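To start, the structure under review is shown below, and the notes come after it.
Numbering (my numbering), first residue to last: 14 to 615.
Next up, the structure:
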C-alpha cells in the first residue's frame, strides 16, 4: 500500500497510508494528512491517484521537488516534496508481479527514518556539543556510504567548517583548506539539496578544488534550515571510482538534515547559553565584593570605606533606604575585621516591643518577669568577641536609648532583674533608614547616642542611583534562582531589561530580588518577559500619521529658516532651494506668521 512518510520541522517522523483517490495535505483541521508546521498553508496540496501514479498539485503557494518550485508534479517512488519546513516522501510498497526482485523502497525508507529517529533521540540526551556534531556527521557519512564529510555553518557574514570527518570516524582538519566553495555557495544561495552524481565529468564542478584535491567522484550537499533560511550545510563526498551517489542517497541525506537542523540549533543554543553563563559568572566575580555586588561609583566608594574601617574597632552607622543591603555591608565589615572568627549577632530594634527588646538586648534572669522561666543571655553577651549589628536603631524607644548608651560607654551590661554588671567585648555596627540628624533635632533620638554610634557614617546608595548595577543584579539573581528552582528562565527579553532599568525600585534590592524570584518560578520560556516581573506594558503615545509628521516638520523647518533670514521670504526660499511661492503657500496655513520683510539692498 502506498503511503507518505512525513518529517516535521521538529524532526518527528510518521507514516500515513494513502487510502483515497484524492488526498488533501495541509495544516487545516479538515485535511486528510495534517502537517504539524506553522508555516504550511491550511490546504497546501492535493495528491490524485489516476490508477497508475500519484500527481501532486499545489493549492496556492508552489511546493519544492529537488529544490525546484512546482505547481504540479507526477511523483515517482521515493520522491520527496518539501512544504514549508516539512519533508514528505512517497513510498510505494506494491511491486508488479513481472518485475525483477528488488529491495522494497518503502520498507527501506521506513527503516532509514527509524534509524534517524533513534539516532536523534540519543543525540538529544547529549550535552557535549563537539561530540554531538562529530556523531552527527559520522551518521551522515554512514547513511550515504560516503568517504568523508563536512559540517559547514554560517555565523554572521562568515561561514566556517565546524567538523571534518572521514569514513573511519577520524577528524580530517587538514582537508578543510581544500574544501571548495562552489557546491556550498550554491546550496546556501538556493536553499536546495544538490546531487553531483559524477563530479569528475560535470563541467560545472570538475574544476572544483574539493573535487580535484580530495579526488571526489560524487558529492551530496544539503542545507540545514531554520525558519525557512539555510544556516549551514551537510556536505558528503566519495572518492571511490565507479561509486556515485543517487537520488535515494540525496533523499536520505535531505531527510536526515531536516532532523539534524533542529539538533544543531539546539546544540548551538546550548553552547551559547553556556558561554553566556561563563561570561556572566566572570563579570559577576569582577563586580563582586564579598556578598556585595555592583560597580557603580557609589558602591565603589562603599567598598573603599569598608577597606579602610574594617580593620579597626570603630563604631559604624550604615545609612540607606529600606532594602539597599545595609546588613550585607555590616557582615562584610565583620568578615574583613580582626573579629571575623567571632560571632556576628544581629537584632532588629524596630521589630520588637520595648519590654521584649530590653530582654533581647541585655538578657534576663529567672523570674525577672512573667514567662522568664530561666536565666538567658542577651545579644550583647552572645556577641562578645565579635560584632553586634543593631538594625533600624533609629526606631529604638527613648528609654532603651539611655541603657544602650551606657552599655556602649562602659562596655558592660546588666540583665533584666539582675544587679550585677557583665563586661562584654564587642564592636557595634548600627543601621537605619532614617535621617538621624533630623531625629536628633526634633528630640526623637539622643544626640550623645548618635555620636557614639556614628564614629563613621557609611551611606549605601539606593538602587535607582546605581545605573547598570540593576541589570547586573537582576541577571545574578536570575541565575541563582533558576539553578535553585530548576527553572527554564536563563535571560531577559529586551523589553524586560528596559523595564528593569526604568523602574524606580522604591523597595530597592529586596524588591528586585523578590520580583526576579517570582518570575524565575512562573516564567514559561527561557526569557523572562516584562509581564513576568509584574510590570505593565509600556505606555507609548499614539503615533502621528506619517504625512502629518512630515508636514509638521516642514513647517517648523521653514520657520527656523525664516528666522535666520530676518523674516525675508525670498532669501529663505533661495537658501532652501525652493520656489518662493512654496514658502508663501506653506505660511498661509499658519497663524501668527510675521509679515514678509523686504530684502535689504546689497
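Ideal placement from N, C-alpha and C gives every residue a C-beta, glycine not left out. As the structure is a prediction and not an experimental result, all values here were calculated from the model.
>> Suppose contacts are defined by Cβ-Cβ distances below 8 Å. Is residue 236 in contact with residue 206 by that definition?
In response: Position 223 of the chain shown, counted from the first residue, corresponds to residue 236. Position 193 of the chain shown, counted from the first residue, corresponds to residue 206. Closer than 8 Å, so yes.
> What residues in its chain sit with their C-beta under 7 Å from that of residue 184, if we drop five residues either side in the sequence?
Replying inline: Here residue 184 is taken as the residue at index 171 of the chain shown, counted from 1. Cβ within range, chain order: 177, 178.
> Pick from 381, 399, 460: whose alpha carbon is nearest that of residue 428?
Replying inline: Against the chain shown, residue 428 aligns to sequence position 415. If we check each option's Cα against that of residue 428, 381 comes out closest.
> Grouping DSSP H, G and I as helix and E and B as strand, with all else coil, what is residue 238?
Replying inline: The residue you call residue 238 lines up with position 225 of the chain shown. In the structure shown, residue 238 sits in a strand (DSSP, three-state: E or B).
>> Classify residue 263: buried if its beta carbon has 16 or more other beta carbons within 10 angstroms, exposed otherwise.
In response: As a first step, residue 263 must be located in the chain shown, where it is residue number 250. Burial call: buried.
> According to DSSP, which residues form a beta bridge with residue 302?
Replying inline: In the chain shown, counting from the first residue as 1, residue 302 sits at position 289. Paired residues: 305.
> Under 8 Å, do residue 280 and residue 142 count as touching if we go by C-beta distance?
Replying inline: Translated into the one-based positions of the chain shown, residue 280 becomes position 267. Translated into the one-based positions of the chain shown, residue 142 becomes position 129. Yes, the Cβ-Cβ distance between residue 280 and residue 142 is below 8 Å.
> When burial is assigned at 16 or more other CB atoms within 10 Å of the CB, is residue 14 buried or exposed?
Replying inline: In the chain shown, counting from the first residue as 1, residue 14 sits at position 1. Flag for residue 14 reads exposed.
> Looking at the structure shown, is residue 691 part of a helix, part of a strand, or coil, going by DSSP?
Replying inline: One cannot answer for residue 691 here, as it falls past the ends of the chain, which runs 14 to 615.
> Given that a residue counts as buried once 16 or more other Cβ atoms are within 10 Å of its Cβ, and exposed if not, what is residue 231?
Replying inline: To locate residue 231, count along the chain shown from 1; it is residue 218. Looking at its Cβ environment, which holds 16 or more other Cβ atoms inside 10 Å, residue 231 is buried.
> Looking only at C-alpha atoms, which of 45, 173, 98, 234 sits nearest to residue 161?
Replying inline: The residue you call residue 161 lines up with position 148 of the chain shown. The option with the nearest alpha carbon to residue 161 is 234.
>> Can you tell me where the beta strand (DSSP E) holding residue 372 begins and where it ends?
In response: Taking the first residue of the chain shown as position 1, residue 372 is located at position 359. First-last for residue 372: 367-375, but that is the alpha helix (DSSP H), not the beta strand (DSSP E).
>> Need the endpoints of the alpha helix (DSSP H) that residue 573 sits in, please.
In response: Start at 1 with the first residue of the chain shown, and residue 573 comes out as number 560. From DSSP, the alpha helix (DSSP H) with residue 573 extends over 559-577.
>> Less than 8 Å between the C-beta atoms of residue 369 and residue 362, yes or no?
In response: The count along the chain shown starts at 1 and reaches residue 369 at position 356. The count along the chain shown starts at 1 and reaches residue 362 at position 349. Not in contact: residue 369 and residue 362 (Cβ atoms no closer than 8 Å).
>> Between 512, 424, 347, which has its C-alpha nearest residue 402's C-alpha?
In response: Translated into positions along the chain shown, residue 402 becomes position 389. It is 347 whose Cα lies nearest to the Cα of residue 402.
> How long is the line joining the alpha carbons of residue 114 and residue 102, rounded to whole angstroms?
Replying inline: As a first step, residue 114 is located in the chain shown; it is residue number 101 there, counting from the start. As a first step, residue 102 is located in the chain shown; it is residue number 89 there, counting from the start. Note that residue 114 has pLDDT 38, beneath the 50 cutoff, so the model's placement of it is unreliable and the number below is only indicative. Taking the straight line from one Cα to the other gives about 22 Å.
>> With distance defined between alpha-carbon atoms, name the residue in 571, 443, 351 nearest to residue 601.
In response: Counting from 1 along the chain shown, the entry for residue 601 is found at position 588. Selected option, being the one with the closest Cα: 571.
>> Below 8 Å on the Cβ atoms is my contact criterion, and I expect residue 495 with residue 488 to pass it. Report the Cβ-Cβ distance as a whole number of Å.
In response: Counting from one through the chain shown, the residue named residue 495 turns up at place 482. Counting from one through the chain shown, the residue named residue 488 turns up at place 475. With 8 Å as the limit, residue 495 and residue 488 do not qualify as a contact, their Cβ atoms being about 10 Å apart.
>> Can you tell me where the alpha helix (DSSP H) holding residue 616 begins and where it ends?
In response: Nothing can be reported for residue 616, as the shown portion of the chain is limited to 14 through 615.
>> Can you look up residue 26 in the DSSP assignment and give me helix, strand or coil?
In response: To locate residue 26, count along the chain shown from 1; it is residue 13. Three-state DSSP puts residue 26 in a strand.
>> Does residue 433 pass the burial test, meaning 16 or more other C-beta atoms within 10 Å, or should it be called exposed?
In response: By 1-based counting over the chain shown, the position of residue 433 is 420. Exposed, because fewer than 16 other Cβ atoms sit within 10 Å of the Cβ of residue 433.
> How is residue 86 classed by DSSP in three states: helix, strand or coil?
Replying inline: Here residue 86 refers to the residue found at position 73 when the chain shown is read from its first residue. The answer is strand: DSSP assigns residue 86 an E or B state.
>> I'd like the ranges of any beta strand (DSSP E) spanning at least 3 consecutive residues and lying wholly in the segment 314-360.
In response: 329-332
> Helix, strand or coil: how does DSSP classify residue 465 here?
Replying inline: The residue labelled residue 465 in the question sits at position 452 within the chain shown. DSSP places residue 465 in helix when its eight states are reduced to three.
> What residue range is occupied by the uninterrupted alpha helix (DSSP H) comprising residue 48?
Replying inline: Taking the first residue of the chain shown as 1, we reach residue 48 at position 35. Note, residue 48: premise wrong, no alpha helix (DSSP H); not H, not E.
> For residue 46, which of 391, 68, 17, 327 has the nearest alpha-carbon?
Replying inline: Numbered from its first residue, the chain shown carries residue 46 at position 33. For residue 46, the nearest C-alpha among the options comes from 17.
> In the DSSP assignment, what residue or residues form a beta bridge with residue 394?
Replying inline: As a working note, residue 394 is residue 381 in the chain shown. Partner(s): none; residue 394 has no beta bridge.
>> Do residue 96 and residue 60 have their beta-carbon atoms positioned less than 8 Å apart in this structure?
In response: Here the question's residue 60 lines up with position 47 in the chain shown. Here the question's residue 96 lines up with position 83 in the chain shown. Cβ distance not < 8 Å, so residue 60 and residue 96 don't count as in contact.
> Are the segment 327-347 and the segment 456-474 touching, with three or more C-beta to C-beta distances below 8 Å?
Replying inline: yes
>> Between 260, 55, 277, which has its C-alpha nearest residue 43's C-alpha?
In response: The residue given as residue 43 occupies position 30 in the chain shown. The option with the nearest alpha carbon to residue 43 is 55.
> Looking at C-beta atoms only, is the number of pairs between the segment 325-337 and the segment 514-528 that lie closer than 8 Å three or more?
Replying inline: yes
> Where DSSP assigns a beta bridge to residue 81, which residues make up the other side?
Replying inline: On the chain shown, residue 81 is found 68 positions in, with the first residue counted as 1. Bridge partners of residue 81: 78.
>> DSSP three-state label for residue 422, please.
In response: Taking the chain shown and counting its residues from 1, one reaches residue 422 at position 409. Correct three-state label for residue 422: helix.
> So, do the segment 528-543 and the segment 566-581 have three or more beta carbon pairs nearer to each other than 8 Å?
Replying inline: no
> residue 326 and residue 440 look like a contact to me (Cβ under 8 Å); what is the Cβ gap, rounded to whole Å?
Replying inline: The count along the chain shown starts at 1 and reaches residue 326 at position 313. The count along the chain shown starts at 1 and reaches residue 440 at position 427. Rounded, the Cβ-Cβ distance is 5 Å, consistent with contact.
> Nearest CA to the CA of residue 329: which residue from 466, 203, 249?
Replying inline: Residue 329 sits at position 316 when you count from the first residue of the chain shown. Nearest option by C-alpha distance: 466.
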